[in-house]
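Respectively, the protein sequence lines represent chains A and B.
If you use the numbering used here, the first sequence corresponds to residues -9 to 313, in order.
If you use the numbering used here, the second sequence corresponds to residues 1049 to 1271, in order.
Note that beta-carbon positions come from the ideal geometry of N, C-alpha and C, so glycine has one too.
Model, not experiment: these values are computed from the prediction.
I have placed the structure first, in the form of structure tokens, so that the comments after it can refer back to it.
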Amino acid sequence: MLECRIRKKLGEFALDLDFTAEQGITALMGASGSGKSMTLRCVAGVERPDEGEITLDGVRLFDSGRKINLPPQRRNTGFLFQDYALFPNMTALQNIMTGARGKPRRERARAAEELAEAFHITPHLKKYPYQLSGGEKQRAALARCLAASPDILMLDEPFSALDSHLRWELELEMAEVFKRFRKTVLYVSHNRDEVYRLCDSIIILNGGRNEAGGKKWELFKRPRTVQAARLTGCKNIFEFEGRLIGIRANYIVPAHLAKPRDMVFPFELITEIEDAFTYILMVRVDGLPPLRWEMTKEKREKLRELPQKLAFPQEHILLLDRR
Amino acid sequence: MDLFPLYNSLRVSAIATAFAFATGIPAAYAVLRMPRLAKGACDALLTVPLVLPPTVVGYFILVWLSPKSAVGGKLLEWFAFTVTMRWHASVIAVAVIVFPLIYRTARGAFEGVDQNLLDAGRTLGLSEKYIFARILLPNCKHGVAAGGVLAFARGLGEYGATSMASGYIAGKTATISTSVAYFWQINQEDAAFWWVCVNLAVSLVFMVLINAFSRPPRGWRRA
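What follows is the structure, given as structure tokens:
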């Protein structure tokens, strides 16, 4: 379990966090520049907060009041950098071996080889990082992290540098790693689908502050804040009768399917875009910004003629805080 | 033809470069990790010899190390050792002059290394010493080596500070650059011309070497 209560000023930007990540996988979601990476760096100890406390499994890593600031070497955190940060002057094997420090050389080599086996990179152990593919690099970097038996695993957008066809394969492997790790995992991402599949809890960062958080299904069902709604994929957010409202693009229905308490509006089609498995209708409703309405191809074909009105099912309307 | 000045120049420059290397690299690493304000101040201080006229460096060596000065007097008194007007003073002079070249190129090379590599090493629990020697240095060895070659080449031709601190004593403190000046002054134009040619040849060799080092290196550096 990680408890983090820190402040740090960086020029115009200020990090002001107060969150707890239970054992299990917690995603840090936020737009770029919201302080996700800086948060990980503060926990790892390669960046020093101005004040606050960081506690990992009961161990004080940082406490400005009691002047505790453990060097990163003594924090025992596993940090998977966005670009993996493999040492270019070492082979994959040597890279993984640096993780298993403090043991005799032979044992380190054996530990590294076992990890390599588990990550399917045994044939590439003699290669240098520039000879490895993106996926192999990530596996080597993850093996290097785990070789150090860290108390927490922190991953900074681990799939952002990969082609999409590789992502799925590595995501499955990552899920396996998480299952076996059984400690706290902090996972930085802004891909909501990836987060939903991999993580248990979500913390939303906005402008250096953590504003909403909780179990993933709660957060996806009731995002509460604009930023949370956006990051969980809500495309339509607007003001209506003095309240801030969100409706997900795929929950909008034609008016004939509306129930008594749903909101019903007449609309005008702006444009229709065919996606791989859905149709996206951009529509105009008087007094609202353009809305995005998404439906599967089957549903669209059943409709044929577009109706005159659309409806927001009452149970899917998100009431959002103005923050 | 007496080749002592060539030998002396090579000797002085090699030893001076070694000294500057041994101090400049740790200095560059230390400055790299300083907070911004201290960084600027130290950087300016360590780079000053680059912009000072070499005669000013020579002047300070004479003022502080000649047998009449405080430190030089003590050296003479305790160890019966004089520095000035000997080749040892040339080493000190050249070391001071070339120090900023090594310090500057090393700092630039260090800054060019992805700082995440160093942080990754730290989170993996590797000691700062290991990170410096096994991660930082190997990943910028070409830049650091280029600085060394540049410093050695500059040291070979150093004139101002050397001639003030060591003068020209044939077979003792003569260097290739002080020989040119000396033979010209005593109207031995052939000898002066010969040493000019030596200077040109040495410079040419080193320019080729410097270029070889600054070429984009092959292999893993490209990744």
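| Item | Value |
| --- | --- |
| Residue 93 of chain A, DSSP secondary structure in three states | coil |
| Contact set between the region 1082 to 1104 of chain B and chain A, restricted to residues whose Cβ is under 7 Å from the partner | none |
| Supposed contact pair residue 272 of chain A and residue 261 of chain A - C-beta distance, whole angstroms, cut 8 Å | 5 Å |
| Cutoff 6 Å; reference residue 80 of chain A; Cβ partners in own chain excluding five residues on either side | none |
| Where residue 12 of chain A falls, given that 16 or more other Cβ within 10 Å makes a residue buried | exposed |
| Alpha helix (DSSP H) segment containing residue 220 of chain A, residue limits | 216 to 221 |
| Minimum Cβ-Cβ distance from residue 1164 of chain B to chain A less than 8 Å | yes |
| Secondary structure of residue 258 of chain A, DSSP reduced to three states | strand |
| Contact under 8 Å by Cβ, residue 115 of chain A with residue 101 of chain A | no |
| DSSP three-state assignment for residue 1217 of chain B, whether helix, strand or coil | coil |
| The region 32 to 48 of chain A in contact with the region 72 to 88 of chain A per 3-pair CB rule at 8 Å | no |
| Proximal chain B residues relative to residue 29 of chain A, where beta-carbon distance stays under 7 Å | Going along chain B, no residue has its Cβ under 7 Å from residue 29 of chain A, so there is no contact; the nearest lies around 14 Å. |
| Contact under 8 Å by Cβ, residue 310 of chain A with residue 251 of chain A | no |
| Whole runs of the beta strand (DSSP E) within the region 1080 to 1139 of chain B, excluding any shorter than 3 residues | none |
| Selection of the region 81 to 112 of chain A by Cβ proximity to chain B, strictly under 7 Å | 88, 89 and 91 |
| Proximity below 8 Å, CB of residue 1145 of chain B to CB of residue 1209 of chain B | yes |
| Contacting residues, own chain, Cβ-Cβ under 6 Å from residue 1053 of chain B (five flanking each side not counted) | 1222, 1223, 1224 and 1227 |
| Residue 1230 of chain B vs residue 1207 of chain B beta-carbon contact at 8 Å | no |
| Own chain, CB closer than 7 Å to residue 283 of chain A, minus 5 neighbours either side, in chain order | 239, 242, 271, 273 and 300 |
| Range of the contiguous beta strand (DSSP E) that encloses residue 282 of chain A | 281 to 286 |
| Interface residues of the region 42 to 63 of chain A facing chain B [CB-CB below 9 Å] | 61, 62 and 63 |
| Closest by C-alpha distance to residue 147 of chain A, when choosing among A:27, A:296, A:225 and A:133 | A:27 |
| Alpha carbon of residue 1237 of chain B to alpha carbon of residue 1249 of chain B, nearest angstrom | 18 Å |
| Nearest neighbour of residue 1105 of chain B, chosen from B:1179, B:1143, B:1068 and B:1128 [CA to CA] | B:1143 |
| With 16 other Cβ atoms within 10 Å as the buried cut-off, status of residue 219 of chain A | buried |
| Run of the beta strand (DSSP E) containing residue 43 of chain A, from where it starts to where it stops | 41 to 46 |
| C-beta neighbour in chain B for residue 1 of chain A, strict 8 Å | no |
| 4-residue-minimum alpha helix (DSSP H) runs that sit fully inside the region 121 to 159 of chain A, ordered along the chain | 124 to 137 |
| Pick from A:280, A:136, A:72 and A:58 that is closest to residue 1164 of chain B, judged by C-alpha positions | A:72 |
| Chain B within 8 Å of residue 36 of chain A, Cβ atoms only | yes |
| Residue 35 of chain A - containing alpha helix (DSSP H), residue span | Note, residue 35 of chain A: premise wrong, no alpha helix (DSSP H); not H, not E. |
| Residue 1167 of chain B at chain A interface by Cβ criterion, 8 Å | yes |
| Sufficient close CB pairs (3 or more, under 8 Å) joining the region 1078 to 1096 of chain B to the region 1115 to 1122 of chain B | no |
| Contact set for residue 1192 of chain B: own chain, Cβ-Cβ below 6 Å, skip 5 residues either direction | 1154 and 1157 |
| Listed by chain order, chain B residues near residue 171 of chain A by CB distance under 8 Å | Under the 8 Å cutoff, chain B gives no residues; its nearest Cβ is about 16 Å from residue 171 of chain A. |
| Closer than 9 Å at the beta carbon, the chain B residues around residue 73 of chain A | 1162 and 1164 |
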